[in-house]
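Since the structure comes first, as structure tokens, the remarks are kept for the end.
Residue numbers (the working numbering): 111 to 316.
This is the structure we're talking about:
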């Protein structure tokens, strides 16, 4: 594929996803479990809440690590039905007000249009532009994808890596004990790792 044609294809895949837009045990998120409350609705229009916490990102090409802290989280759902029938994704984007806020942001994506529930999610897949979008790229109910560095680095499906979520009446904490790999969303090459993820969304709107 010619470089210009490849870049056009890659840009289109990312634009379509962003603009159109359980673990096999007892810890998997259960949408029918009343102990997993959802105290507020997710809307198509982003709503910003106060947040706390952060994570460490390691650039695997330079082997340099940076710690990021965040004070806000923007939450909304995006319709993905042009890719997969009757499909919506919920996005939780944690960010700060630094000059490099866009590149320091971390976004968690789940299937559906509701807040994450208490449980253990597996690391889910995000489409890689050079490979095209297939049915296999669609997130499963027990999966959560992660996007970092301005959404340019994304996770691939990895059933051995997990993300823990606690939804305490709307106060949502997302943690990982794993070092989660992220890949270039255009080429699929390994570019970094995220670790020490510990972020909390409050119910207080910013």
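Note that CB positions come from ideal geometry on N, CA and C, so glycine has one too.
Per DSSP, cross-strand counterpart(s) of residue i
i	result
residue 177	166
residue 253	232
residue 300	293
residue 202	185, 218
residue 315	159
residue 152	DSSP lists no partner for residue 152.
residue 227	Its beta-bridge partners do not exist; DSSP assigns none.
residue 272	232
residue 208	In the DSSP output, where bridge partners are listed per residue, residue 208 has none listed.
Reference residue i, options the options, closest by Cα
i	options	result
residue 172	315, 216, 303, 313	303
residue 255	165, 292, 300, 182	292
residue 224	152, 307, 310, 315	152
residue 249	198, 204, 288	198
residue 205	185, 264, 180	180
residue 187	219, 262, 313	219
residue 270	281, 290, 285	290
residue 231	240, 247, 284, 212	284
residue 296	257, 211, 222	257
residue 191	268, 245, 294	245
residue 93	263, 268, 194	One cannot answer for residue 93 here, as it falls past the ends of the chain, which runs 111 to 316.
residue 272	150, 287, 261, 259	287
For residue i, three-class secondary structure by DSSP
i	result
residue 240	helix
residue 247	helix
residue 195	coil
residue 310	strand
residue 213	helix
residue 190	coil
residue 259	coil
residue 285	strand
residue 305	strand
residue 279	coil
Supposed contact pair residue j and residue i - C-beta distance, whole angstroms, cut 8 angstroms
i	j	result
residue 163	residue 300	Between residue 300 and residue 163 the Cβ distance is about 25 angstroms, and since that is not below 8 angstroms, they are no contact.
residue 185	residue 201	7 angstroms
residue 234	residue 265	7 angstroms
residue 228	residue 277	5 angstroms
Cut-off 7 angstroms between Cβ atoms - residues of its own chain near residue i, not counting five sequence neighbours on either side
i	result
residue 177	164, 166
residue 312	159, 160, 161, 281
Contacting residues, own chain, Cβ-Cβ under 6 angstroms from residue i (five flanking each side not counted)
i	result
residue 315	159
residue 274	230, 285
Cβ-based neighbour list, residue i, same chain, cut-off 8 angstroms, excluding 5 preceding and 5 following
i	result
residue 263	257, 292, 293, 294, 295, 301, 302
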